[in-house]
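Structure record follows, encoded as structure tokens.
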Amino acid sequence: MVRILPTQKDAASNLGRFTTDASEAMVRRAAKLAEEFRASVQTVRADWQELPDHFEDATFDTVFCVGNSLHHAVGARGRVAALESMSRLLRRGGRLVLTTRTWELVRARGSRLDITDRLVRRNGRDAVVVYRWEIAPHWEEEHHIEIAVAQVDGAGPVLVRSELLSCWPYRYDELEVELSRVGLRTEMSTFNPEAENYMVVASKV
Numbered sequence: 005m006v007r008i009l010p011t012q013k014d015a016a017s018n019l020g021r022f023t024t025d026a027s028e029a030m031v032r033r034a035a036k037l038a039e040e041f042r043a044s045v046q047t048v049r050a051d052w053q054e055l056p057d058h059f060e061d062a063t064f065d066t067v068f069c070v071g072n073s074l075h076h077a078v079g080a081r082g083r084v085a086a087l088e089s090m091s092r093l094l095r096r097g098g099r100l101v102l103t104t105r106t107w108e109l110v111r112a113r114g115s116r117l118d119i120t121d122r123l124v125r126r127n128g129r130d131a132v133v134v135y136r137w138e139i140a141p142h143w144e145e146e147h148h149i150e151i152a153v154a155q156v157d158g159a160g161p162v163l164v165r166s167e168l169l170s171c172w173p174y175r176y177d178e179l180e181v182e183l184s185r186v187g188l189r190t191e192m193s194t195f196n197p198e199a200e201n202y203m204v205v206a207s208k209v
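Heads up, my numbering is the position in the sequence shown plus 4, with the first residue counted as 1.
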């Protein structure tokens, strides 16, 4: 999921805020949530490489790449292409805010099942979320995460939905090099090899 904020000049001209996703279903959900919360957000279905087709270069102050989405780019080449597209949208001094898993920690734990230790609410029903990790032998190989949501009804029935996702992990050091390669300088990072996730804020040089 990529969220984009306009420059101050364009904000004054009512350009608005955008959220983009390669998934049509996620775009529809974002539009529904924007309507529900009366947020001024426009939705666009586009993958990273398509962003320059929808927006002019140097248009935005801030781009958010959130929700652990960058690892869905295919390998180092796909990741750099995604970062390049997001960098192109930023004016000089604009910022990319990126959140990601700590893949060093994920890989160290190996293939496994992770079951959440508390119930979550989904569509009005309590649910348990299960993550099944398939960790490939080498960093550059395709990995898989299957996410299953088991919704529990008080009367007894359990409704299970699952989705298998492909991902290509990366080390923090690799991300730093790739950000620099596309003209972004890291201003702030919360990277901690013992933490589950971290955030990087990088500015357009």
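Positions of the beta carbon are idealized from the N, C-alpha and C atoms, including for glycine.
None of these values were measured; they are calculated from a predicted model.
Which residues in the same chain as residue 175 place their Cβ atom closer than 8 Å to its Cβ, once the five residues preceding and following it in sequence are excluded?
-> What you label residue 175 is simply residue 171 of the sequence shown in a count that begins at 1. Only 107, 108, 143 meet the Cβ criterion.
In whole angstroms, what is the alpha-carbon distance linking residue 14 and residue 62?
-> Here residue 14 is taken as the residue at index 10 of the sequence shown, counted from 1. Here residue 62 is taken as the residue at index 58 of the sequence shown, counted from 1. Confidence at residue 14 is low in this model, with a pLDDT of 45, below 50, so the placement of that residue should be treated as unreliable; the coordinate-derived value is given next. Looking at the backbone, the Cα of residue 14 and that of residue 62 are separated by about 11 Å.
Check whether the region 84–100 touches the region 176–195, counting contact only when three or more Cβ pairs, one atom from each stretch, lie closer than 8 Å.
-> Touching, yes, given that three or more Cβ pairs across the two stretches are closer than 8 Å.
On the premise that residue 182 lies in contact with residue 87, defined as a C-beta separation below 8 Å, what is that separation, rounded to the nearest angstrom?
-> Here residue 87 refers to the residue found at position 83 when the sequence shown is read from its first residue. Here residue 182 refers to the residue found at position 178 when the sequence shown is read from its first residue. At roughly 6 Å, the Cβ-Cβ gap stays under 8 Å, so residue 87 and residue 182 are in contact.
Give the C-beta separation of residue 155 and residue 163 to the nearest angstrom, bearing in mind that I take them to be a contact with Cβ-Cβ under 8 Å.
-> For the purposes of this step, residue 155 is identified with residue 151 of the sequence shown, where counting begins at 1. For the purposes of this step, residue 163 is identified with residue 159 of the sequence shown, where counting begins at 1. With a Cβ gap of about 4 Å, residue 155 and residue 163 count as contacting.
Determine, using beta carbons only, whether residue 61 comes closer than 8 Å to chain D.
-> In the structure shown, chain D does not exist; there is a single protein chain.
Along the chain, which unbroken stretches of the beta strand (DSSP E) at least 3 residues long are found entirely within the region 129–175?
-> Taken in chain order, the whole beta strand (DSSP E) runs of length 3 or more contained in the region 129–175 are 129–138, 147–156, 162–171.
Looking at residue 104 and residue 75, is the spacing between their C-beta atoms short of 8 Å?
-> For the purposes of this step, residue 75 is taken as the residue at position 71 of the sequence shown. For the purposes of this step, residue 104 is taken as the residue at position 100 of the sequence shown. It is a contact, given that the beta carbons lie within the stated cut-off.
Pick helix, strand or coil for residue 60, following the three-state DSSP scheme.
-> Here the question's residue 60 lines up with position 56 in the sequence shown. Assignment of residue 60 by DSSP, reduced to helix, strand and coil, places it in the coil class.
Residue 153 versus 40, 46, 141, 119, residue with shortest Cα-Cα distance | Indexing the sequence shown from 1 puts residue 153 at position 149. Here the closest residue by C-alpha is 119.
Look up residue 123 in the DSSP assignment and say whether it is helix, strand or coil.
-> Position 119 of the sequence shown, counted from the first residue, corresponds to residue 123. In the three-state reduction of the DSSP assignment, residue 123 falls in the coil class.
Chain-order list of residues whose beta-carbon lies under 8 Å from that of residue 57 (same chain, five-residue window excluded) | Translated into the one-based positions of the sequence shown, residue 57 becomes position 53. Once the five neighbours on either side are set aside, the close Cβ partners of residue 57 are 50.
If you check the beta carbons only, do residue 101 and residue 205 fall under 8 Å apart?
-> The sequence position of residue 101 within the sequence shown is 97, counting from 1. The sequence position of residue 205 within the sequence shown is 201, counting from 1. Yes, the pair counts as a contact, with Cβ atoms nearer than the cut-off.
What does residue 46 pair with, by DSSP beta-bridge criteria?
-> Walking along the sequence shown from the start, residue 46 turns up at place 42. 22, per the DSSP bridge assignment.
Would you call residue 67 buried or exposed, if buried means 16 or more other Cβ atoms sit within 10 Å of its Cβ?
-> Taking the sequence shown and counting its residues from 1, the one referred to as residue 67 is at position 63. Classification of residue 67: buried, given that the 10 Å Cβ count is 16 or more.
Can you tell me whether DSSP reads residue 209 as helix, strand or coil?
-> Walking along the sequence shown from the start, residue 209 turns up at place 205. Residue 209: coil per DSSP, three-state reduction.
Mark residue 65 as exposed unless 16 or more other C-beta atoms lie within 10 angstroms of its C-beta, in which case mark it buried.
-> Mapped onto the sequence shown, residue 65 falls at position 61. The residue is buried, with at least 16 neighbouring Cβ atoms inside 10 Å.
Residue 134 to residue 47 span [Cα, whole Å] | Here residue 134 refers to the residue found at position 130 of the sequence shown. Here residue 47 refers to the residue found at position 43 of the sequence shown. Straight across, the Cα-Cα distance linking residue 134 with residue 47 is about 29 Å.
Beta carbon of residue 172, beta carbon of residue 78: below 8 Å?
-> If you number the sequence shown from 1, residue 172 lands on position 168. If you number the sequence shown from 1, residue 78 lands on position 74. Yes, the pair counts as a contact, with Cβ atoms nearer than the cut-off.
Reduced DSSP secondary structure (H/G/I, E/B, other) of residue 78 = By 1-based counting over the sequence shown, the position of residue 78 is 74. In the structure shown, residue 78 sits in coil (DSSP, three-state: anything other than H, G, I, E or B).
Give the straight-line distance between the Cα atoms of residue 157 and residue 180, rounded to the nearest whole angstrom.
-> In the sequence shown, the residue the question calls residue 157 occupies position 153. In the sequence shown, the residue the question calls residue 180 occupies position 176. If I take the Cα positions, the gap works out to 46 Å.
Applying the criterion that 16 or more other CB atoms from any shown protein chain within 10 Å of the CB defines a buried residue, is residue 194 buried or exposed?
-> Position 190 of the sequence shown, counted from the first residue, corresponds to residue 194. Classification of residue 194: exposed, given that the 10 Å Cβ count is below 16.
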